[in-house]
Amino acid sequence: DAGVIQSPRHEVTEMGQEVTLRCKPISGHDYLFWYRQTMMRGLELLIYFNNNVPIDDSGMPEDRFSAKMPNASFSTLKIQPSEPRDSAVYFCASSLVGSGYGYTFGSGTRLTVV
Amino acid sequence: GNSVTQMEGPVTLSEEAFLTINCTYTATGYPSLFWYVQYPGEGLQLLLKATKADDKGSNKGFEATYRKETTSFHLEKGSVQVSDSAVYFCALLNFGNEKLTFGTGTRLTIIP
């Protein structure tokens, strides 16, 4: 398996622009998680899905953030409009409930909003 | 609720030194415990895990033992290498709840 695949690896955008981050989880995994990592705040869980259904989005910082999972093999995290304080590394992770192996993380998307 | 407390970093050691990174937890029931490692510019990777009391997880020379009596899961390595420089996260997972609880991470730097 190729693991969890995120795209793009790096994104630089101007303030006010829409940004879409993409994630392909491991085939067969039934949970998908979106995290944000910054030096100041560490690792933050934004939202997670079970069988494509959002379970907990309490970590989404503002209405500017939205996430979808239209099918088992694809999820997006969208920021509209983007702001400089959104600059961070965004990670996607997937897991299979009951496997006991925890999460498999993607390599992340480094977002810079200028 | 669940929580994980990790040793404050950063930690700097010389090559071949002995490493301990402390981790304690609070949880209901019998959680599974994990150590994840994050190398520079990469995502988190599972380093080792333990699923029940007295289990010892091990990988790449690292070890951690699930101690229910002290609610701890300390990470140890007998002789660290420069390539071990990374951020280490302790985490727990309760059965029936797929949401991992992470510690704040400990940055480890090994100097030659």
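These protein sequences, in sequence, are chains Y and R. Residue -15 is where the first sequence starts when you use the numbering used here, and the numbers rise one by one after that. Residue 25 is where the second sequence starts when you use the numbering used here, and the numbers rise one by one after that. Virtual Cβ for every residue (Gly too), placed ideally from N, Cα, C. Note that this is a predicted model, so its numbers are computed, not measured.
query	result
Whole-angstrom distance between R/I134 and R/S103, CA atom to CA atom	11 Å
Stretch-stretch touch, CB-based, cutoff 8 Å, three pairs: the segment 94 to 102 of chain R with the segment -3 to 14 of chain Y	no
Three-pair Cβ contact test at 8 Å for the segment 107 to 119 of chain R versus the segment 52 to 68 of chain R	yes
CB of Y/A77 within 8 Å of CB of Y/F89, strictly	yes
Interface flag, R/F126 vs chain Y, CB-CB below 8 Å	yes
Cβ contact (3+ pairs, closer than 8 Å) linking the segment 45 to 58 of chain R and the segment 71 to 81 of chain R	yes
Chain Y contacts from the segment 63 to 97 of chain R (Cβ-Cβ distance under 9 Å)	G65, E66, G67, L68, Q69, L70, K73, T75
Listed by chain order, chain Y residues near R/S56 by CB distance under 8 Å	G84, G86
Residues that DSSP places opposite R/Q30 in a beta bridge	R/C47
With 16 other Cβ atoms within 10 Å as the buried cut-off, status of R/Q105	exposed
N- and C-terminal bounds of the beta strand (DSSP E) containing Y/Q(-10)	-11 to -9
Contact set for R/T50: own chain, Cβ-Cβ below 6 Å, skip 5 residues either direction	S27
Cβ pair count under 8 Å reaching 3, the segment 21 to 38 of chain Y against the segment 47 to 66 of chain Y	yes
CB contact check: Y/G43 to chain R, cutoff 8 Å	no
N- and C-terminal bounds of the beta strand (DSSP E) containing R/E87	86 to 89
Residues of its chain near Y/Q64, where Cβ-Cβ distance is below 7 Å and the 5 sequence neighbours each way are ignored	E2, R48
Any C-beta of chain Y under 8 Å from that of R/L117	yes
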